[in-house]
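Residue numbering for the sequence shown follows my numbering, starting at 1 and increasing by one per position.
All C-beta atoms, glycine included, are put in the ideal place defined by N, C-alpha and C.
The structure displayed is predicted, hence computed values, not measured ones.
Let me begin by presenting the structure, written as structure tokens, before commenting on it.
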Amino acid sequence: MTTYAWCKSALAWQKHRTRCYISYKAIKVSPVVKANSGFTFIEMLLAAAIFALVGLASVAILSSVTQSDELSQQASERLVQLQRTMLMLERDFMQISVRHVRLDGEAPQKFRLFGEKFLLDSEDHGVSFTRQGWRNPGMILPRSEIQTVAYRLQEGTLQRLFTLYPDAVTGTEPKIQLLQTNLTGFEVHYLQGGEWQERWQDANFPAAVRVTLVDENLGRLERIFMLPDAVVSEGGIE
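Listed below in structure tokens is the structure:
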């Protein structure tokens with residue numbers, strides 16, 4: 001006879017009331033305890049939703065960090081490119097020569113610095129002159145240390161043109177060196193008599209040259225270069 005059945009007898013209930021009460025309570029309560037153990041379906045769905053949200057947040061943070069790193073890298077590369085461009089311009093203008101300009105193999109012009117809009121098929125300003133200091137130790141290469149250079153803007157890129165010889169024959173294609181990219185403008189102005197001129201075709205040098213680069217992201221960037229022969233040119237070199 002089971003404990004439950006045994007406890008139902010009147011005699012057993014009178015003699016063993018406490019024992020029967022405990023046994024009866026254990027039998028009635030234990031199924032309820034088993035029914036409440038474990039997670040319900042709703043609780044499992046809620047936990048899955050929380051894990052999904054945490055995963056999405058982690059992916060979003062990682063994507064944002066990666067994008068910021070790429071933008072920072074691009075900005076750093078742009079600044080390095082800009083520094084190289086300005087250094088190249090500075091070296092050329094600081095070593096400008098009094099030698100007359102010769103364009104496309106033509107006879108030497110009367111001016112030593114030639115600058116105007118659309119020069120050499122530029123999309124904006126263009127400038128050409130002769131510089132010295134093109135190093136050739138021991139004259140190893142069959143060229144002098146004088147170099148004819150020019151700057152122009154084409155397809156949003158500042159180009160530096162140069163020839164191996166200052167007196168290149170007609171039809172000789174210049175070498176092209178790509179400098180700053182993503183430009184919307186390239187302006188060159190020349191200081192004369194306290195005023196900036198947009199065009200220069202003179203036998204003398206200006207006192208200074210102002211170069212303006214218009215960058216898509218950085219905006220207008222200006223740099224003024226003082227020419228080493230400015231004092232002499234003020235006296236009127238012919």
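query = If you draw a straight line from the alpha carbon of A150 to that of Q180, how long is it in whole angstroms?
reply = Indexing the sequence shown from 1 puts residue 150 at position 150. Indexing the sequence shown from 1 puts residue 180 at position 180. Distance between the alpha carbons of A150 and Q180: 15 Å.
ask   = Can we say the segment 124–140 touches the segment 85–95, given the rule of at least three CB pairs closer than 8 Å?
value = yes
C-beta atoms of E187 and T212 nearer than 7 Å = In the sequence shown, residue 187 corresponds to position 187, counting from 1. In the sequence shown, residue 212 corresponds to position 212, counting from 1. Yes, the Cβ-Cβ distance between E187 and T212 is below 7 Å.
request  = Since I believe Q159 is in contact with Q177 (beta carbons under 8 Å), could you give me their beta-carbon distance rounded to a whole number of angstroms?
outcome  = Residue 177 sits at position 177 when you count from the first residue of the sequence shown. Residue 159 sits at position 159 when you count from the first residue of the sequence shown. That pair is a contact at about 7 Å.
key: Which listed residue (H125, T40, T184) has its alpha carbon closest to that of Q197   = As a first step, residue 197 is located in the sequence shown; it is residue number 197 there, counting from the start. Nearest option by C-alpha distance: H125.
key: Buried/exposed call for L56, threshold 16 Cβ in 10 Å   = Taking the sequence shown and counting its residues from 1, the one referred to as residue 56 is at position 56. That one is exposed.
inquiry  = Check this for me: beta carbons of E123 and Q74, under 7 Å apart or not?
reply    = The residue you call residue 123 lines up with position 123 of the sequence shown. The residue you call residue 74 lines up with position 74 of the sequence shown. It is not a contact, given that the beta carbons lie outside the stated cut-off.
task = Would you tell me roughly how many angstroms separate the C-alpha atoms of E116 and A208, rounded to the nearest one?
result = Residue mapping note: residue 116 aligns to position 116 of the sequence shown, counting from 1. Residue mapping note: residue 208 aligns to position 208 of the sequence shown, counting from 1. Looking at the two C-alpha atoms, the distance is approximately 15 Å.
inquiry  = Using only the alpha-carbon positions, how far apart do G236 and R112 sit?
reply    = Locating residue 236 in the sequence shown gives position 236, counting from the first residue. Locating residue 112 in the sequence shown gives position 112, counting from the first residue. Here the model assigns G236 a pLDDT of 47, short of 50, so the residue's position is not dependable and the matter cannot be decided.
message = So, at 7 Å on beta carbons, what are the nonlocal neighbours of L87 in its own chain, with the 5 sequence-adjacent residues on each side left out?
response = Residue numbering aside, residue 87 sits at position 87 when the sequence shown is read from its first letter. Excluding residues within five positions, none has a Cβ falling inside 7 Å.
request  = Work out the CA separation of T163 and P174 for me, nearest whole Å.
outcome  = The residue you call residue 174 lines up with position 174 of the sequence shown. The residue you call residue 163 lines up with position 163 of the sequence shown. Rounded to whole angstroms, P174 to T163 spans 5 Å at the Cα level.
message = Could you pull the DSSP bridge partners for T157 from this structure?
response = As a position in the sequence shown, residue 157 is number 157, starting the count at 1. Paired residues: Q154.
ask   = Opposite I176 in the DSSP bridges: which residues?
value = As a first step, residue 176 must be located in the sequence shown, where it is residue number 176. The partner list for I176 (beta bridge, DSSP) reads L161.
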